[in-house]
Every structure is written in C-alpha cells, then in structure tokens.
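*Asks:* Supplied in structure tokens, the structure appears directly below.
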Amino acid sequence: MIVAVKPSFTLSPAETRGRYAFTVRDYHQLVSSGHFTRADRIELIEGELTIMPPIGPEHSYHTTRITNTVPFKLPAGVWLRMNEPVTIPDHSEPQPDPAVVKEREDGYRKAHPMPEDVLLIIEVADTSVEFDMKVKSLLYARAGIPEYWVVDVKAGCLHVFTSPSEEGYQNCQMLAAEDSLTCQSVPGLQITAKQLLG
1 MIVAVKPSFT LSPAETRGRY AFTVRDYHQL VSSGHFTRAD RIELIEGELT IMPPIGPEHS
61 YHTTRITNTV PFKLPAGVWL RMNEPVTIPD HSEPQPDPAV VKEREDGYRK AHPMPEDVLL
121 IIEVADTSVE FDMKVKSLLY ARAGIPEYWV VDVKAGCLHV FTSPSEEGYQ NCQMLAAEDS
181 LTCQSVPGLQ ITAKQLLG
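The opening residue of the sequence shown carries number 1 in the working numbering; numbering runs sequentially from there.
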C-alpha cells in the first residue's frame with residue numbers, strides 16, 4: 001500500500017539553501033567594474049543587494065521639505081547629507097534619504113560616513129513603511145545609530161526611534177503633525193512634525 005507522506009519542510013527549495021552575503025568591499029568592486037550605476041538605485045542591506053522603490057512625487061515633496069527645513073536648524077559642526085551612502089561594516093551600505101553626520105575635515109571625500117559619524121538618520125516612507133520600520137530600524141539600531149526617524153507619509157505621522165541596542169531601538173514614539181520634537185542626538189535641533197510631514 002502506498003502512503004502519501006507530507007514533506008516535513010514548509011520553505012521553498014531556494015529558501016532552504018545558504019545565500020552568499022556580499023561584503024561592502026564586494027559591492028564597491030561591482031560598482032567600480034560597471035555592473036551598477038547610481039541610476040540603478042541599489043542598496044546593500046545585510047549582505048543582499050536590494051532595489052529601492054522608484055522616487056515618486058510624494059517622496060520628492062517630503063525630501064525637498066527636509067532639505068529646505070533641517071539645515072537651517074543644525075548647529076555648527078554637523079552636516080546634512082541627502083541620499084548618500086552610510087557604510088555599516090561589513091555587509092551593509094544603505095542610502096538614507098537624509099543623514100545628519102559629524103563634520104569632517106576631508107568632507108568624506110575618501111570614504112562614506114561610518115556609524116560612529118552618524119547622529120541621525122531620516123527615512124521618508126511612502127511605499128516602504130514596513131521595510132523602513134522593521135529591516136532598517138534593526139540595521140541602524142545594531143549599528144549604534146543614536147536616533148532614527150521615519151516620516152510615515154500615508155499615516156501622516158513621524159516615528160522617532162532612540163536608545164539603540166542589538167535587539168533594536170528600545171524607545172519608539174509616534175508623533176502627530178501638531179507635535180514638536182527635540183532631537184536627542186543633535187544639539188539644538190528642534191522641529192515640529194508638521195515641518196517634515198507637510
């Protein structure tokens with residue numbers, strides 16, 4: 001008698017196999033050899049090459065607001081970098097929408113900022129809320145980025161993450177448009193959520 005036996009695994013064959021994790025160095029070699037260009041909109045996240053969503057008008061609107069609001073409130077000694085890489089050894093190089101970093105004499109001409117250079121990262125999430133809230137939140141927390149904000153376009157709120165740890169950020173606040181915020185990691189940076197939300 002033939003008895004049907006149900007497979008004991010629930011993952012697809014591809015998911016049961018190991019994956020090659022690209023290092024930042026591998027990624028840079030692929031870029032320098034012409035495999036990718038900036039127009040390809042690729043990020044290295046935990047060893048995997050991920051495709052960033054296309055930039056829509058809503059996303060551009062919010063990043064433009066940040067570009068025209070945040071710099072005027074920053075103290076001396078820090079810079080705002082827009083859509084530029086942050087290197088997180090050894091397997092990640094995200095490109096956050098804005099990142100507030102410590103000023104450096106060479107202007108990061110030879111290397112991208114490392115986690116110890118970064119004070120604040122902001123991601124504008126219109127189609128990427130889940131990825132930004134879960135995957136990138138954990139990535140930035142484990143890297144020790146002291147503060148992380150997510151501009152949640154569809155929900156019309158600002159998520160503020162602080163107190164990074166290996167398990168993720170220990171504190172998370174959700175701010176409505178009428179709420180004001182004092183940044184913990186950038187001295188003197190005070191802003192209303194509405195200035196970012198529009």
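By construction, the Cβ of each residue, glycine as well, lies at the ideal position given by its N, Cα and C atoms.
Small disclaimer: the values here were computed from a predicted structure and weren't measured.
1) Helix, strand or coil: which one does DSSP assign to Val186?
2) From the DSSP secondary-structure annotation, give me the bridge partner or partners of Lys102.
3) Look up Leu197 in the DSSP assignment and say whether it is helix, strand or coil.
4) DSSP three-state call for His35: helix, strand or coil?
5) What residues in its chain sit with their C-beta under 7 angstroms from that of Ala176, if we drop five residues either side in the sequence?
6) Name the DSSP beta bridge partners of His159, please?
7) Strictly by DSSP, which residues pair up with Leu44?
8) Can you tell me which of the three DSSP states Lys6 falls into?
*Replies:* The short version:
1) Start at 1 with the first residue of the sequence shown, and residue 186 comes out as number 186. Three-state result, Val186: coil.
2) Start at 1 with the first residue of the sequence shown, and residue 102 comes out as number 102. Paired residue(s): Val78.
3) Sequence index remark: in the sequence shown, residue 197 carries index 197 (1-based). Here Leu197 sits in helix by DSSP.
4) Residue mapping note: residue 35 aligns to position 35 of the sequence shown, counting from 1. Note: His35 maps to coil in three-state DSSP.
5) On the sequence shown, residue 176 is found 176 positions in, with the first residue counted as 1. The residues are Cys157 and Ala193.
6) As a first step, residue 159 is located in the sequence shown; it is residue number 159 there, counting from the start. Answer is Val150 and Met174.
7) The count along the sequence shown starts at 1 and reaches residue 44 at position 44. BP columns for Leu44 point to Leu49 and Glu93.
8) Start at 1 with the first residue of the sequence shown, and residue 6 comes out as number 6. For Lys6, the predicted structure reports a pLDDT of 42, less than 50, and the residue's modelled location is therefore unreliable. The matter cannot be settled from this model.
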